[in-house]
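Structure first, then comments.
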Amino acid sequence: MLFTMPDQTKPIDHRTLVAAERREKTRAKLLRGAIHVFAQHGAEASVIELVIRQAGVSRGTFYNYFRTNEELFLEVAREVSNEIISIVDPIVLRQQDAAASLACGLVSVVRLALIKPVLARFVSKGGPDALSAGNLTTTVVPREIKSGMAAGLFTVPDERLAFDLIFGPVIMAFNAVINGRASEEYARNLAQAVLQSLGVDAGRARGYAWRDFDEVSIPAGSLFHC
């Protein structure tokens, strides 16, 4: 005799799904509002009331998601970092070595900031902390640094210094976007200069920086559509 086990799978409650979707939409609305507010006032400002007004939600709704100004800023920074990766890294991963990948990433990030200046304002106002959370700083850039050093492409003495030589110019590049000094040529020259600071000779660095990289495309539903 064959025995069949009872189905242990519980049916998905449609109301639970709807509630989860509504919660995620509200969270996204708060994050989009917070990007604009932090971009205008900076990370040190007390912005909760401003974000509540920007997002058009109640105070109680806000506190269902975030408890403090600092918690909100760190979450926005994390989402911004991960959003940059989701847009830029697919282009970067098409390159054949770490030097090309880094050049592509630098050019693409400046292009993204030119398309969405609110990103540049957020990072400029937030400073290094605006890029300190998320996988951009903990995974993606260290991945290319390690790869480049292992291949002998980067001759800088240690990974931490390489990291600083990359992110210092990136933050200043966002300032250049805000001040109207950034352009495609600026992005290419930035990439060349960073590669040279890591030990790539000038001729090769220029060759990497001026390669034909795919254009940046911001998908529907992106956090940067704000």
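Each residue of the sequence shown is one higher than the one before, starting from 9 at the first, in the numbering used here. From the three backbone atoms N, C-alpha and C, an ideal C-beta is built for every residue, glycine too.
In this structure F171 touches I153 by the C-beta definition: roughly 6 Å separates them, less than 8 Å. Burial of Q200 is indicated by the presence of at least 16 other C-beta atoms within 10 angstroms of its C-beta. Just measuring C-alpha positions, the residue of H233, P227 and F175 sitting nearest S205 is F175. Inter-residue distance for Y73 and V59 is about 12 Å (C-alpha atoms, whole angstroms).
For the options E192, R31, A141 and A111, the alpha carbon positioned closest to that of N90 is the one of A141. E193 and V131 have their C-alpha atoms roughly 21 Å apart. Within its own chain, the residues whose Cβ lies closer than 7 Å to the Cβ of V149, once the five positions on either side in sequence are excluded, are F171 and I174, listed in chain order. Distance between D97 and S66, taken at the CA atoms: about 36 Å. If only uninterrupted alpha helix (DSSP H) runs of at least 4 residues are considered, those enclosed by the segment 158-218 are 167-186, 192-205 and 210-217. Rounded to whole angstroms, the gap between the alpha carbons of R102 and D220 is 12 Å. Annotation: G229 to M180 spans about 28 Å, alpha carbon to alpha carbon. Membership of S109 in the alpha helix (DSSP H) is indicated by the continuous run A106 to I123. Contact between I92 and A128 does not hold, since their C-beta atoms are separated by about 12 Å, which reaches or exceeds 8 Å. In this structure, the alpha-carbon of A217 lies about 47 Å from that of V26.
In this structure, the CA atom of A195 is about 13 Å from the CA atom of G188. By the neighbour-count definition (other C-beta atoms within 10 Å, threshold 16), E87 is a buried residue. A distance of 8 Å or more separates the beta carbons of L139 and V202. Comparing alpha carbon positions, the residue from Q104, K124, P136 and L110 closest to P227 is K124. Take F70, set aside five residues on each side of it, and the residues of its chain with a beta-carbon closer than 8 Å to its own are L38, I56, V59, I60 and A63, in chain order. Here G211 is exposed: its Cβ has fewer than 16 other Cβ atoms, across all protein chains shown, within 10 Å.
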